[in-house]
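Structure first, commentary second.
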Amino acid sequence: MIQYNPRSWFSLIFDVYSRYVIKLLFPLLLFVGVFTLLLCFLVIDVFNLHYGGTIAFHSILGVILGLFLVLRTNTAYDRWWEGRKLWGQLVNDSRQIAIKVDAFLPKEATEDREYFRRMIPNAAFAIKEHLRDSILIGEMDTINDEIKNRIIKSKHRPNMVNRLLYDRVMKCMKEGTITAEQLFILDKELKGFTDIVGACERIKSTPIPYSYSMFIKKFLFIYAITLPVSFMWDFGYWTVFIVMLAFYFLVSIELISEEIEDPFGTDINDLPLNEIALKIKRNVSEILHD
Amino acid sequence: MIQYNPRSWFSLIFDVYSRYVIKLLFPLLLFVGVFTLLLCFLVIDVFNLHYGGTIAFHSILGVILGLFLVLRTNTAYDRWWEGRKLWGQLVNDSRQIAIKVDAFLPKEATEDREYFRRMIPNAAFAIKEHLRDSILIGEMDTINDEIKNRIIKSKHRPNMVNRLLYDRVMKCMKEGTITAEQLFILDKELKGFTDIVGACERIKSTPIPYSYSMFIKKFLFIYAITLPVSFMWDFGYWTVFIVMLAFYFLVSIELISEEIEDPFGTDINDLPLNEIALKIKRNVSEILHD
Amino acid sequence: MIQYNPRSWFSLIFDVYSRYVIKLLFPLLLFVGVFTLLLCFLVIDVFNLHYGGTIAFHSILGVILGLFLVLRTNTAYDRWWEGRKLWGQLVNDSRQIAIKVDAFLPKEATEDREYFRRMIPNAAFAIKEHLRDSILIGEMDTINDEIKNRIIKSKHRPNMVNRLLYDRVMKCMKEGTITAEQLFILDKELKGFTDIVGACERIKSTPIPYSYSMFIKKFLFIYAITLPVSFMWDFGYWTVFIVMLAFYFLVSIELISEEIEDPFGTDINDLPLNEIALKIKRNVSEILHD
Amino acid sequence: MIQYNPRSWFSLIFDVYSRYVIKLLFPLLLFVGVFTLLLCFLVIDVFNLHYGGTIAFHSILGVILGLFLVLRTNTAYDRWWEGRKLWGQLVNDSRQIAIKVDAFLPKEATEDREYFRRMIPNAAFAIKEHLRDSILIGEMDTINDEIKNRIIKSKHRPNMVNRLLYDRVMKCMKEGTITAEQLFILDKELKGFTDIVGACERIKSTPIPYSYSMFIKKFLFIYAITLPVSFMWDFGYWTVFIVMLAFYFLVSIELISEEIEDPFGTDINDLPLNEIALKIKRNVSEILHD
Amino acid sequence: MIQYNPRSWFSLIFDVYSRYVIKLLFPLLLFVGVFTLLLCFLVIDVFNLHYGGTIAFHSILGVILGLFLVLRTNTAYDRWWEGRKLWGQLVNDSRQIAIKVDAFLPKEATEDREYFRRMIPNAAFAIKEHLRDSILIGEMDTINDEIKNRIIKSKHRPNMVNRLLYDRVMKCMKEGTITAEQLFILDKELKGFTDIVGACERIKSTPIPYSYSMFIKKFLFIYAITLPVSFMWDFGYWTVFIVMLAFYFLVSIELISEEIEDPFGTDINDLPLNEIALKIKRNVSEILHD
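Residue numbers (my numbering), protein chains in the order written: chain A, 3 to 292; chain B, 3 to 292; chain C, 3 to 292; chain D, 3 to 292; chain E, 3 to 292.
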């Protein structure tokens, strides 16, 4: 995620888009511009037609299309925000487990404390890499070779980290350093880890329904292709500029939606997963250290 | 569910709709087109009427109709997304039960572990077939003939799978391999199964209210039938094209809504229940195996 | 609730409204039609006025009114859907109690099992009749005369059924067939019953705020009454038809909202409480029988 | 809250507003009317200006303003509905505590039962008076002088009632009539009381943000003041009527929002707190009596 | 937060904006005004161009832009309201812990009671300062030097206060004044503290996505820059006034959104964190004192 000041209007107005948006926006814009130019040329200079058309038709459709796009952006934003909430909850749950483990374990259980201090942040790193289809485990603190091997061999690493935490809690319980009631209390956050992984996977693997996505693009395309027909009688060659401007605004809304609805990548709009994971590590370390 | 790349604009613009949409869209479109053509012919060539009508009336109604349709699409999408969330929760709950059972059961309880490894994924398969009004149990791993018979004879199979899981947990509890506190912890996810089944049934069995659905279709129909009256004075025979285009956009929104609001079938927009169920099986197997 | 196929466009377009809508819609429509006719007659044929009015004013107000009505419909739909969710939760909770009671009770406790099998579905019947201000208990299975009398004498029957369930659970607990931890687990669903009753009562007893409802009707009325003034200069006697059509659409939205916002009656849009209650009975019977 | 029939259109259309709305609406309406009249007089009769203005500008702004106001109304309604939900939850929690206490306490604990029967409804009365900044305790059943004094002296009475309930539960627990697990179960609803009080206080003490409220009023005012400039060229003195009508609709939306966003007072739109509190008293009495 | 009367229309209409809004609004407004003036001068007086443009194009875009801005404001408001809810929950949790500690601890545990009375409100003060990037601890009641030092040295003070509370609860548990079940009950609110801190941090550290924010400002800017082209043919120099007015309304919506979406500062729209923290202190003191 790019760090930016939402209040510096000047830089935001003249800043460039992300590579993704530019890569799609410019060819589309160019296509619509050239198409409109050709149409104007044919109608005005070649066939020399005249027609007193009105733009009321595109006016109605424009409002409906705009409504559609704006609500679609809202949906995309909701997904982005849900992703952010899930990672916020991951921070909370990690801290909370650390606070509880610290309070529950007796003073002399330094080894267990050490284990949790190093293992809890691994959940965040494992989820992050899992969501990015990465197999790197360099950021994890794998404690010893046995655990490292279990993590590497595992096909679903967030599950494995969760299991390693559960196993240790059960071990403490058997040794009597954690009671049955305390297991119950710890379960809330451990369960939270699984829920967070599953919800992030859901957001990542489920784009908006196929028909929906297809329809928006068809609507946008047909609207842009027919727009010159309404405008060129009144505006002549200015129509090229007007159609491009309208198309630019409408397509941008759709492109931004596409970009933010999948928030776990490494685009400039994506969530700062690295920073959050490191923050979790810092917080857990502080709690279980001193 | 069709796998598609939401970012490949070209293919999406020229891709065809689902069979369902096409089967309804084309007859409706044809009807409206022929009707408008006839009306234009009668007014322009037969009776040769002239009238300086304005389209302000259909402009206002068009915006209201568009608003109505867009919000109705949002409602349909919410149902689709709720369905997806429920199946995401099913993944979470299945994993979580597996992780907990693995942590709670002693090492030597291989038979119980095996039972849960094979039975937990059956919940997903049972719910899937139940939602599709199917009686197939081929994908289930029914362990032995007694269990198989109980599942086959059961009228509500997801309930039966849930009971089989509960019964086994109670058996373990009586044998002392699971404690009362652990039952309590497991109950969260077992309860989750029942809630997920019920919520999916609710979405499946409850279309939007009858009056609502009827009104949208009446509104759309009357709007399309009266639209030529506003346009034909200015646009002549072009009205046929304009009315068909407007009708195409408006009806498409309604048809897409109808398609996505019932997300558990096997249409291209429906949720990938098969894939999710298999994923649950893979995840649970891995957790309860090694 | 009427069973209908949301995809059969033809029948839905030509189907008639519910009695409620018709009873209100036609007099209002007639009044507006006659009023507009009179106004047109006076202005055009009696006083023979001419005026180059524009309809921009009613255009702006129409969009705002439409927005208002569409959002109000959304609110009404949310209530309807919340009612459906509550009854879906009632299904889940009833099933879940049955599954748990079946798992917790020892095999030989046939009498307790029988009691729960017959008593759990009574919750649904009691809530249904309570929401319909009915005092019928014919659908309930009242087990014996003492219980029947307690239910009949009770002023709030859903509460009484809930108490009868609680009392029996406590009895089992005292006899040692249910443990304290199991009571805790059962409490989730028993508590659910009370929450469902209360939430249904809330929906039933709370229409939208008085000022809100009054304002919508005033807005609609004044809008319809002044609409002819904008249209008649351009459209002459056609104004009668146009105003009636606009009024028909706008009033229908409001009437449908009124109909669906109170979803527990026996109108065609109301929820199928009878079917759901019977489904609960079937499900619970199957779980606690074999 | 006024009891009204949302379906009696006639009376609602001709009913008068609440005093609050009238007190603000009429002066504002009068001011805008006189201002427009003066402007028309100056422009038309004094300076005799002519100008071919269009109303497109106020058309765009009008839609944006309308959108703003309608969404603001939705926000206000959400607060009102949240307030209603909280009081519905208070009903549920009160009933549920009564049902549980009745089930948990042994038959012979008549004094404890009596205590809860009289004390539980006090929570509702205490919250109601607290939300209305009242210090009356006449509706409470204060049992004995010691408790009465504690309540009177308390600065936050809902907290005090909650404490009195907690203390009694603890007393029962120490005497062994309530077990530790049962305390746990009762805690859910006792905790609910505190959450309800806090949430009601939040709604009461937090109007919408200052800038937001200020901007809406500025927008409305400037819109109304500049509206005649667009209309008077076409409509002459009729502008006075048109501007007043538009202003009436727009200001009414804002006034209704203001009225319903603070739902705990004694206005006609406010929630029926008295009725709900009495209903709680009746329900709890019935449960803990027979 | 400024204390204001939402119903005093007069003062709100003529009140000035916050410094933040004014600082950004006026330069932008001036720039647009001067730009439009120049353009008008060039077109009308220098080049003396004539053109029969229509404003339909800016009409469509204006509605879409308005829709975008209004929904963006709604999003900002949701964040503000979520922040308010979190602090409301902090009030509830603080009160609830105090009530429970008071009920659970035996009468003679005056020291523990004193500890909680002084420590619980520190959570609110710590969160407040943490959210304002402040290191002041003057408002906290740090009990003794050891605790003071731990808080000062801590990098994440809300976590530290939470730990100090947990540690004391564990101490009481070891001494037998609090039971395992009571720990469980207290855990709900202690966990609540961590969730509240994390959620507030999330709101504070996550502005709306970069592309989204950038696009809105680009859209607004291009819209304002091209607006004169549509208006000046009809309105001449009045265009300067009209463009400035439209720009004023549109930019204000965006500026207000920016201001309220970060609700934990000390602006006039920000939440009254100081007042809430002091209220918590008063409430907790009263509960744990008498």
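All residues carry an ideal CB built from backbone N, CA and C; glycine is no exception.
Partner residues on chain C for residue i, Cβ-Cβ distance less than 8 Å
i      : result
D:T181 : A182
D:I270 : Y212, S213
Neighbourhood of residue i by C-beta, 8 Å cutoff - its chain only, sequence neighbours within 5 removed
i      : result
A:H52  : W235
B:P108 : T179
B:P209 : S215, E263, D264
D:L133 : C202, E203, K206, F266, L275
C:R120 : D143, I145
D:M246 : L31, V34, G35, T38
C:K102 : Q184, I187, L188, E191
C:N161 : T196, V199
C-alpha gap between residue i and residue j, whole angstroms
i      : j      : result
B:A105 : A:I122 : 17 Å
A:E260 : E:T196 : 33 Å
A:L192 : A:Y168 : 8 Å
B:E177 : B:V171 : 10 Å
D:I282 : D:D95  : 10 Å
B:D47  : B:F37  : 15 Å
A:I289 : E:I153 : 12 Å
C:R21  : C:F28  : 11 Å
Residues of its chain near residue i, where Cβ-Cβ distance is below 6 Å and the 5 sequence neighbours each way are ignored
i      : result
A:I278 : W89
A:N7   : none
E:V163 : N124, A125, A128
C:F249 : V34, A226
Option in the options with minimal Cα separation from residue i
i      : options                        : result
D:S232 : C:N124, C:E256, C:A58          : C:A58
A:C174 : A:L188, A:S254, A:M162, A:T38  : A:L188
D:F43  : D:L138, D:V242, D:M246         : D:V242
C:L63  : C:T268, C:L252, C:D269         : C:L252
A:Y79  : A:N285, A:L273, A:R284         : A:L273
C:L166 : C:L229, C:F118, C:R81, C:K190  : C:F118
A:W82  : A:I270, A:S287, A:W240, A:A182 : A:I270
C:S156 : D:H291, D:A182, D:F12, D:S136  : D:H291
Sub-7 Å separation of residue i and residue j beta-carbons
i      : j      : result
A:K87  : B:L14  : no
A:V72  : E:L73  : yes
D:V199 : D:I139 : no
A:I255 : E:S213 : no
D:L26  : D:Y225 : no
D:A111 : D:V286 : no
A:H60  : A:L222 : no
Chain E contact residues for residue i, given Cβ-Cβ distances below 8 Å
i      : result
D:T196 : N94, R97, Q98, I101
Contact list for residue i against chain A, beta-carbon separation under 9 Å
i      : result
E:D169 : D104, A105
Residue i: contacting residues in chain D (beta-carbon distance under 7 Å)
i     : result
E:L14 : S215, M216, K219
E:G64 : I62
Listed by chain order, chain B residues near residue i by CB distance under 9 Å
i    : result
C:Y6 : P209, Y212, S215, M216
7 Å Cβ cut-off: residues of chain A touching residue i
i      : result
E:F223 : I15
Contact set between residue i and chain A, taken where Cβ atoms lie within less than 8 Å
i      : result
E:D147 : Under the 8 Å cutoff, chain A gives no residues; its nearest Cβ is about 16 Å from E:D147.
Residue i CB to nearest heavy atom of the ligand NAD below 6 Å
i      : result
A:F127 : With respect to small molecules bound, the structure shown includes none, and the ligand NAD cannot be examined in it.
Chain D contact residues for residue i, given Cβ-Cβ distances below 9 Å
i      : result
C:M172 : A105, F106
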